[in-house]
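So the structure is just underneath, and the comments pick up after that.
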Amino acid sequence: MSLSVKGLNVSYGKNHILKDINLEIESGEFVSILGKSGCGKTTLIKSIAGLLETDNGDIGIFDKNVAGLPPEKRQTVIVFQDLRLFPHMNVEDNIAFAMKLKKMDKAVIKEKVEKLLDQVRLSGYEKRKVSRLSGGQMQRVALARALGAEPKLLLLDEPFASLDEDLRKEMGELVRRLHRENGITTVMITHDKEEAMALSDRLALMEEGRILAFDSPERLYNSPKDEKIAAMLGDVNLFCGKVEGNTFTSDIISFKTDKKPGKYKLLLRPSELDVDNKGELGIKVSLKQISFGGEITELILEAEENEYKVRLPYGEFTKAEIKNGDELRLISRKNNDFILLEEEG
Ligand SMILES: Nc1ncnc2c1ncn2[C@@H]1O[C@H](COP(=O)(O)OP(=O)(O)OP(=O)(O)O)[C@@H](O)[C@H]1O
Ligand SMILES: [Mg+2]
Numbered sequence: 001m002s003l004s005v006k007g008l009n010v011s012y013g014k015n016h017i018l019k020d021i022n023l024e025i026e027s028g029e030f031v032s033i034l035g036k037s038g039c040g041k042t043t044l045i046k047s048i049a050g051l052l053e054t055d056n057g058d059i060g061i062f063d064k065n066v067a068g069l070p071p072e073k074r075q076t077v078i079v080f081q082d083l084r085l086f087p088h089m090n091v092e093d094n095i096a097f098a099m100k101l102k103k104m105d106k107a108v109i110k111e112k113v114e115k116l117l118d119q120v121r122l123s124g125y126e127k128r129k130v131s132r133l134s135g136g137q138m139q140r141v142a143l144a145r146a147l148g149a150e151p152k153l154l155l156l157d158e159p160f161a162s163l164d165e166d167l168r169k170e171m172g173e174l175v176r177r178l179h180r181e182n183g184i185t186t187v188m189i190t191h192d193k194e195e196a197m198a199l200s201d202r203l204a205l206m207e208e209g210r211i212l213a214f215d216s217p218e219r220l221y222n223s224p225k226d227e228k229i230a231a232m233l234g235d236v237n238l239f240c241g242k243v244e245g246n247t248f249t250s251d252i253i254s255f256k257t258d259k260k261p262g263k264y265k266l267l268l269r270p271s272e273l274d275v276d277n278k279g280e281l282g283i284k285v286s287l288k289q290i291s292f293g294g295e296i297t298e299l300i301l302e303a304e305e306n307e308y309k310v311r312l313p314y315g316e317f318t319k320a321e322i323k324n325g326d327e328l329r330l331i332s333r334k335n336n337d338f339i340l341l342e343e344e345g
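So the sequence shown is numbered by UniProt numbering: it starts at 1 and just counts up by one.
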């Protein structure tokens with residue numbers, strides 16, 4: 001086990017922030033922590049890195065209990081959102097910082113720095129002052145510096161949050177490649193669900209100081225255990241219905257199921273719905289809003305109290321010939337592997 005957190009509680013004064021956190025991460029895994037602002041993500045990784053005092057609980061890093069160990073003895077490195085590079089130093093000195101502290105041989109340091117610069121595609125920037133780099137380049141130096149400390153556990157606290165979308169994607173790819181090449185167990189905090197799902201072996205979903213779920217992106221997305229978890233990974237449309245005698249019935253669709261009788265909500269993602277302007281099946285809706293987004297067009301549809309979101313691929317939207325105010329039928333494009341969430345109570 002590369003990281004094992006058991007029954008961890010952390011408070012700031014009287015505020016109980018982390019509540020009984022349990023997390024076990026395998027060696028070499030890439031795990032993302034996803035959750036709203038203020039839910040305790042940074043507090044969690046700071047506790048792991050030894051930057052905060054904990055109330056109680058155990059933290060093990062590579063099977064060693066790190067209680068009482070200072071940050072530098074935990075073999076972890078954090079890359080913070082604000083990077084915290086040394087502005088007066090050049091790129092090379094930033095990256096070599098931890099190696100110099102360890103009194104490594106000069107020639108070895110030089111070789112390692114060269115390799116890291118090559119890995120983050122910054123060869124030739126050795127002597128550049130970090131204050132004269134672009135945002136994306138600074139991000140790369142921060143990653144190289146973190147890797148230069150040869151951590152066993154790499155902790156990334158929203159390292160790309162301030163970058164524009166293209167650069168974010170590029171940095172995401174870079175982190176994925178660095179993870180593959182170096183095999184370092186990595187825990188990354190992010191607000192971005194797509195990024196989290198794309199990069200991670202497993203996702204920890206956090207809310208108000210607790211971990212709600214910890215599983216692979218596919219399992220969390222395809223078999224969420226409740227509405228809240230489903231909604232944390234993407235937009236949802238919910239349709240009330242019931243199971244009676246092996247059949248689920250709802251306004252939008254009915255199908256055979258082996259779920260036990262009772263009330264359920266059928267979950268359909270925006271891309272799993274379609275609109276129809278000819279048929280009689282499905283739910284009567286009116287088209288409230290069209291947001292053209294190039295590849296995908298998003299529709300907001302209304303029916304009585306309910307609002308639904310549908311996403312159509314480019315070709316299908318143009319073919320559908322629909323406009324705001326149209327009365328349409330909302331239908332399901334999905335016809336198997338339905339997600340039924342049991343209604344509580
Ligand atoms: N030094 C501190 N002193 C007191 N309270 C703090 C301190 N740092 C954070 N908090 C509080 O602890 C809670 C969790 O903060 P934390 O920084 O872990 O959230 P986060 O999930 O990382 O949020 P964000 O996504 O905005 O970075 C918040 O309510 C925050 O106000
Ligand atoms: Mg934070």
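Backbone N, C-alpha and C fix where the C-beta goes; we use that ideal spot for every residue, glycine too.
Around residue 183, the same chain offers 28 as residues with beta carbons nearer than 8 Å, after the five sequence neighbours per side are excluded. Taken in chain order, the complete beta strand (DSSP E) segments of 3 or more residues contained in the segment 47 to 76 are 56 to 61.
A direct Cα-Cα distance of roughly 22 Å separates residue 125 from residue 105.
When the five nearest sequence neighbours on each side are left out, the beta carbons in the same chain lying within less than 8 Å of the beta carbon of residue 2 are those of 25, 26, 27, 28, 29, 61, 62, 152, 153, 185, in order along the chain. Straight-line spacing of the CA atoms in residue 37 and residue 279 works out to 44 Å. One thing to note: residue 265 has its Cβ within 8 Å of the Cβ of residue 238. If you ignore the 5 residues before and after residue 244, its C-beta comes within less than 6 Å of the C-beta of 261, all in its own chain and listed in chain order. Around ligand 1, the residues selected by a Cβ distance under 5 Å to any of its heavy atoms are 12, 17, 37, 38, 39, 40, 41, 42, 43, following chain order.
Across the structure, residue 302 and residue 288 are spaced so that their CA atoms are roughly 7 Å apart.
If you compare the alpha carbons of 147, 142, 149, 148 with that of residue 158, the shortest gap goes to 142. The beta carbon of residue 282 is closer than 8 Å to those of 251, 252, 253, 276, 329, 330, 331, 332 in its chain, skipping five residues each way along the sequence. CA-to-CA, the gap between residue 144 and residue 263 works out to about 53 Å. Excluding sequence positions up to five before and after residue 39, its CB lies within less than 8 Å of the CB of 206, 207, 208, 209, all in the same chain and listed in chain order.
Taken through DSSP and simplified to helix, strand or coil, residue 191 comes out as coil. Here residue 179 is not bridged, per DSSP, to any residue. The DSSP-derived three-state label of residue 222 is helix.
Selection 318, 336, 211, 257 evaluated against residue 268 yields 336 as nearest (Cα-Cα). Relative to ligand 2, the beta carbon of residue 189 is positioned inside 7 Å of a heavy atom.
Around residue 43, the same chain offers 10, 17, 18, 52 as residues with beta carbons nearer than 7 Å, after the five sequence neighbours per side are excluded. Contact check for residue 200 and residue 31: beta-carbon distance about 6 Å, within the 8 Å limit, so the pair qualifies. DSSP, read as helix, strand or coil, puts residue 257 in coil. Taking the Cα of residue 102 as reference, the smallest distance to any Cα among 79, 75, 45, 181 is reached at 75.
If you look at residue 20, you'll find it isn't in any alpha helix (DSSP H); it sits in the beta strand (DSSP E) that goes 15 to 25. For residue 329, the enclosing beta strand (DSSP E) starts and ends at 327 to 332. The three-state secondary structure of residue 84, taken from DSSP, is coil. Positions of the alpha helix (DSSP H) runs, each at least 4 residues long and wholly inside the segment 275 to 344, are given as 314 to 320 in order along the chain. When the alpha-carbon of residue 163 is set against those of 140, 180, 231, 146, the nearest one is in 140.
Judged by DSSP in its simplified three-state form, residue 230 adopts helix. At a cut-off of 7 Å, the beta-carbon of residue 157 counts as near ligand 2: some heavy atom of the ligand is closer than that. Scanning the segment 77 to 149 for uninterrupted alpha helix (DSSP H) segments of 4 residues or longer gives 91 to 101, 106 to 119, 135 to 148, listed from N- to C-terminal end.
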